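What follows is a single structure, written as structure tokens, with notes after it.
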Amino acid sequence: MQLDEERLREVLRKPAPLGLDIDLQEFKQAPEQRVEYYEDLAQASLEVGVDLDKRSKLTTFLQVDHEAIYKAVQKQFEKDIELMTLEEALEKYEWLREYVWRLRSPYEDKYSAFNALHGKGGYFLRIREGRRIHLPIQTCFLTYSPEIVQNVHNVIMVEPDAEAYIITGCTAHKKAPKGLHIGVTEIYVKRSAKLNYTMIHKWGPSFHVRPRTGILLEDGAELVYNYITLGSVASFQSQPSARLAGEGATLSMNNVVYLERSSDMDLWGEAFIEGSGGRVELITNAVVADRAKLTNRGRIVCDADNGKGHISCRGLMLSDEAEVSAIPCLVSRRMDSELTHEAAIGRISEEQLFYLMARGISREEAESLIVRGFLDTSPMKLPEHLEKGVRRIIDLAVKGF
Amino acid sequence: MLRIENLHVEVGGKLLLREVNLEVGEGEVHVLFGPNGSGKSSLAMAVIGHPSYKLVEGRIFFKGVDITEKPVHERVKLGIGVVFQNPPRIYGVKLKDLLNKLAGERELGDGVLKLIDSLNISEDLLSRSVNVGFSGGEVKRCEIAQALATNPDFLILDEPDSGVDLENLELIGRELSRALRGKSALVITHHGHILRYLKPSRAHVMIRGTIICSGEPDRIFERIVSDGYRWCEKCSLMRRG
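Going down the list, the protein sequences come from chains A and B. Quick note on numbering: the first sequence equals residues 475 to 875 in the working numbering. Quick note on numbering: the second sequence equals residues 202 to 442 in the working numbering.
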């Protein structure tokens, strides 16, 4: 897609319509020096589910600040997977240009425009037709240098009948407390392909995050899109948007959120059912502590026969200074579609606490069980080893409970 | 084992139990009959220590220890186990994890395996959140498994036979009769189906928040079956009158 630079600069000057309006001038466009791999990075990556010690055994992509410092496809899958930086891929494949900025508009807001103008890094990941990759592919974006904008663009393509698990971790190194991450990700799940895409985010109290994700599902495609965010973030605004263009496509979008301190998160999920028999579930389970604020918006629009959609938001509040808003929106233009939503926000139930204490568990332990249980990962359909790793990360993040 | 003296309990300012006196000796199983709303479950809640059930008078002793002021988990640690009538749903807490925790085992150990086998608890049920989407029979079987996992000396069974079909009743009855050998228990039942499997040594009838009669279980149960609780109410009125 040809970009209109003048128009992008115009968008860049307008305030962001959603979430805190960040002054992009506050951040450096480039880090002062290139960072090489070292042990400290491994620990930071591990905390968001990416095991760099296994990088020789698993397909892995690691970007620090603006540079891809490690990328390799697992040997046994060399003919099945393509993994390279997006810049490399665009040089290699002319046809790929059609797939870039197709599922998100670069003119959407100042962050997208900024990404289109100054973006650097990100990957192109392609699972070839019919190949089933059951070992996780891991990608990691780490910010190391202080006060920079990490500004990436990823394109994921799961070709017809292919299957894959991707785990992607994004985190700021503790030495880089302040920063901004803009991540544009376009996910194409082609005919009868299956993808489980799990993101784990862990930022910091002075970090701003603006992911922009677009998803296209063809006939019979299945996407499980999992988002886990733990700890605190200065501000976060994201609106992953999925089109179920094909017949019988399914999307399960699961958010597990544990938010603390003065975090401000505006988390959307939206899906457009355009092909008949499309199925969508948007599920958010959030624990909100301290003075954190979560706005969870879900939107399902159905324009196809036999479409089904459900939005669920459950919020557990651990403080009177916290705030949770659940804003579901259902739009149907088909008589035989079925769209539903449910939302519940409250504190830890005394009945549940009593029940667990009546089994001999102390009040503190019972609270911990309930909080951890609330951050339920079972709808994420993770393979057992990934599930265990993800549970460990969540348990570590909520160790106060 | 359990001794209740002159117990008066209120919830939200309303007196639900009055002048309750009850003693269950070591190795004894007692049954408590009574119509709906008579206060049977309130007695169970007061003994286990639900914070909403305020003791306005009286004492509760367990194994000779005054537990009146003790918090619920400490009562349980002393050896009381409870099977609730209407337990809450606990999202995200998997039955398997809870049973392991209660039995003090990291993975499914022998103790829990034996329990889930005898109570016919499937792998699917074990991996589900506690009481979420469980059928009536599943709730009861899982309640019993949880209560037994802590190996209590004294069990309070609140309506273990309500809302279960015949097949589940038989399974529950058989398991309870085995599990209660050598233990003490207070079995609360409205319609007495569980007595096909359990042989209590003593029965009590609760009407309007107090125990109005105690005696031989078969005799009392036969009378309730033939004349209903109206007979007890009349009897209680006569006694009170």
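Backbone N, C-alpha and C define an ideal beta-carbon position, used for all residues, glycine too. Every value quoted in this text rests on a predicted model; they were computed, and no experiment measured them.
Are the CB atoms of A/Leu718 and A/Ile674 within a distance shorter than 8 Å? Mapped onto the first sequence, residue 674 of chain A falls at position 200. Mapped onto the first sequence, residue 718 of chain A falls at position 244. Annotated as distal: A/Ile674 and A/Leu718, with beta-carbon spacing of 8 Å or more.
Margin query: Assuming the contact rule is C-beta atoms closer than 8 Å, B/Val340 and B/Ile291 should be a hit. Round their C-beta distance to whole Å, please.
Written below: In the second sequence, the residue the question calls residue 340 of chain B occupies position 139. In the second sequence, the residue the question calls residue 291 of chain B occupies position 90. Not quite, the Cβ-Cβ distance comes to about 12 Å (not below 8 Å), so this is no contact.
Worksheet item: Expressed to the nearest angstrom, what Euclidean distance is found between the alpha-carbon atoms of B/Arg260 and B/Ser363?
Response: For the purposes of this step, residue 260 of chain B is identified with residue 59 of the second sequence, where counting begins at 1. For the purposes of this step, residue 363 of chain B is identified with residue 162 of the second sequence, where counting begins at 1. Their Cα atoms are separated by approximately 30 Å.
task = Confirm, please, whether the CB-CB distance from A/Glu633 to A/Arg600 is below 8 Å.
result = In the first sequence, counting from the first residue as 1, residue 600 of chain A sits at position 126. In the first sequence, counting from the first residue as 1, residue 633 of chain A sits at position 159. Cβ distance < 8 Å, so A/Arg600 and A/Glu633 count as in contact.
- Counting contacts by CB-CB distance shorter than 8 Å, is B/Leu256 in contact with chain A? Start at 1 with the first residue of the second sequence, and residue 256 of chain B comes out as number 55. Using a CB distance cut-off of 8 Å, B/Leu256 does not count as an interface residue toward chain A.
* Using the C-alpha atoms, what's the distance from A/Phe551 back to A/Ile611? -> Looking up residue 611 of chain A in the first sequence gives position 137. Looking up residue 551 of chain A in the first sequence gives position 77. The alpha-carbon atoms of A/Ile611 and A/Phe551 are separated by roughly 11 Å.
- Against chain B: residues of the stretch 828-843 of chain A by CB proximity under 9 Å: Correct list: Phe828, Tyr829, Leu830, Met831, Ala832, Arg833, Gly834, Ile835, Ser836, Arg837, Glu839, Ala840, Leu843.
Residue burial classification, A/Gly657 (beta-carbon count within 10 angstroms, cutoff 16): In the first sequence, counting from the first residue as 1, residue 657 of chain A sits at position 183. Burial call: buried.
| request: Could you tell me whether the Cβ of B/Gly337 comes closer than 8 Å to any Cβ of chain A? | output: Counting from 1 along the second sequence, the entry for residue 337 of chain B is found at position 136. For B/Gly337, not one C-beta of chain A is nearer than 8 Å to its own C-beta.
Which residues of the stretch 288-305 of chain B have a Cβ closer than 9 Å to any Cβ of chain A? Give them in chain order. Those would be Pro288, Pro289, Arg290, Ile291, Tyr292, Gly293, Val294, Lys295, Asp298, Leu299, Lys302, Leu303, in chain order.
| said: By DSSP's criteria, A/Gly772 is part of a beta bridge. Which residues make up the other side? | reply: Along the first sequence, one-based indexing puts residue 772 of chain A at 298. BP columns for A/Gly772 point to A/Gly743, A/Pro802.
Classify A/Glu582 as buried or exposed, calling it buried when 16 or more other Cβ atoms lie within 10 Å of its own Cβ.
By 1-based counting over the first sequence, the position of residue 582 of chain A is 108. Counting every other CB atom within 10 Å of its CB across the protein chains shown gives A/Glu582 a total of 16 or more, marking it as buried.
| message | Just to confirm the assignment, what range does the alpha helix (DSSP H) spanning A/Tyr585 have? | response | Taking the first sequence and counting its residues from 1, the one referred to as residue 585 of chain A is at position 111. Judged by DSSP secondary structure, A/Tyr585 falls within the alpha helix (DSSP H) whose first and last residues are 584-592.
(Q) At the level of alpha carbons, what is the spacing between B/Glu368 and A/Asp554? (A) Locating residue 368 of chain B in the second sequence gives position 167, where the first residue counts as 1. Locating residue 554 of chain A in the first sequence gives position 80, where the first residue counts as 1. Distance between the alpha carbons of B/Glu368 and A/Asp554 is about 53 Å.
* Asked: Would B/Glu344 count as contacting chain A if we go by Cβ distances under 8 Å?
  -> Counting from one through the second sequence, the residue named residue 344 of chain B turns up at place 143. At a cut-off of 8 Å between C-beta atoms, B/Glu344 does not count as an interface residue with respect to chain A.
Note to self: Can you confirm whether the stretch 238-258 of chain B touches the stretch 206-221 of chain B when touching is taken to mean that 3 or more C-beta pairs between the two stretches lie within less than 8 Å?
What the structure shows: Here the stretch 206-221 of chain B lies against the stretch 238-258 of chain B, with 3 or more beta-carbon pairs under 8 Å apart.
Margin query: Please report the straight-line C-alpha distance between A/Thr613 and A/Pro489, rounded to a whole angstrom.
Written below: Locating residue 613 of chain A in the first sequence gives position 139, where the first residue counts as 1. Locating residue 489 of chain A in the first sequence gives position 15, where the first residue counts as 1. Distance between the alpha carbons of A/Thr613 and A/Pro489: 31 Å.
### Task
Rounded to whole angstroms, what's the CA-CA distance from B/Phe422 to B/Val406? Just pull it up for me.
Stepping through the second sequence from its first residue, residue 422 of chain B is reached at position 221. Stepping through the second sequence from its first residue, residue 406 of chain B is reached at position 205. Taken atom to atom, the span from the alpha-carbon of B/Phe422 to that of B/Val406 is near 10 Å.
Starting from B/Phe262, follow its DSSP beta bridges and name the residues at the other end.
One-based indexing of the second sequence puts residue 262 of chain B at position 61. Bridge partners of B/Phe262: B/Arg204, B/Asp267.
- Item | Range of the contiguous beta strand (DSSP E) that encloses B/Leu233 | Within the second sequence, residue 233 of chain B is the residue found at index 32, counting from 1. That run of the beta strand (DSSP E) goes 230-234.
Member of A/Met558, A/Arg665, A/Val485, A/Thr534 whose CA lies at the smallest distance from the CA of A/Lys964: Residue 964 of chain A lies beyond the stretch modelled for chain A, which goes from 475 to 875, so this question has no answer here.
- Under 8 Å between C-beta atoms, does B/Val273 make it to chain A? To locate residue 273 of chain B, count along the second sequence from 1; it is residue 72. B/Val273 counts as touching chain A.
What's the C-alpha gap between A/Val814 and A/Leu804?
Residue mapping note: residue 814 of chain A aligns to position 340 of the first sequence, counting from 1. Residue mapping note: residue 804 of chain A aligns to position 330 of the first sequence, counting from 1. Rather than Val, the amino acid found at residue 814 of chain A in this sequence is Thr. Looking at the two C-alpha atoms, the distance is approximately 8 Å.
_Less than 8 Å between the C-beta atoms of A/Arg773 and A/Ser736, yes or no?_
Here residue 773 of chain A refers to the residue found at position 299 of the first sequence. Here residue 736 of chain A refers to the residue found at position 262 of the first sequence. Remark: C-beta atoms of A/Arg773 and A/Ser736 do not approach each other more closely than 8 Å.
Q.
Looking at the strands, I want to know which residues DSSP matches up with B/Cys436.
A. Within the second sequence, the letter at position 235 stands for residue 436 of chain B. The secondary-structure analysis by DSSP pairs B/Cys436 with nothing; it has no beta-bridge partner.
Answer yes if the stretch 295-307 of chain B comes into contact with the stretch 318-333 of chain B, meaning at least three C-beta pairs across the two stretches below 8 Å, and no otherwise. Taking 8 Å as the limit for Cβ pairs, the verdict is that the stretch 295-307 of chain B does touch the stretch 318-333 of chain B.
(request) Quick one: using the 10 Å Cβ neighbour count with 16 as the cut-off for buried, is B/Glu360 buried or exposed? (result) Position 159 of the second sequence holds residue 360 of chain B. With 16 or more other Cβ atoms inside 10 Å of its own Cβ, B/Glu360 counts as buried.
(message) Give me, in chain order, the residues of the same chain whose beta-carbon lies closer than 6 Å to that of B/Phe454; leave out the 5 immediate sequence neighbours on both sides.
(response) No answer is possible for residue 454 of chain B: the residues shown for chain B start at 202 and end at 442.
Checklist entry - Do A/Ala546 and A/Thr559 have their C-beta atoms closer together than 8 Å? => result Within the first sequence, numbered from 1, the residue matching residue 546 of chain A stands at position 72. Within the first sequence, numbered from 1, the residue matching residue 559 of chain A stands at position 85. Taking 8 Å as the Cβ cut-off, A/Ala546 and A/Thr559 do not qualify as a contacting pair.
> Does the beta carbon of B/Lys278 come closer than 8 Å to any beta carbon on chain A?
Replying inline: In the second sequence, residue 278 of chain B corresponds to position 77, counting from 1. For B/Lys278, the answer is yes, since a Cβ of chain A falls inside 8 Å of its Cβ.
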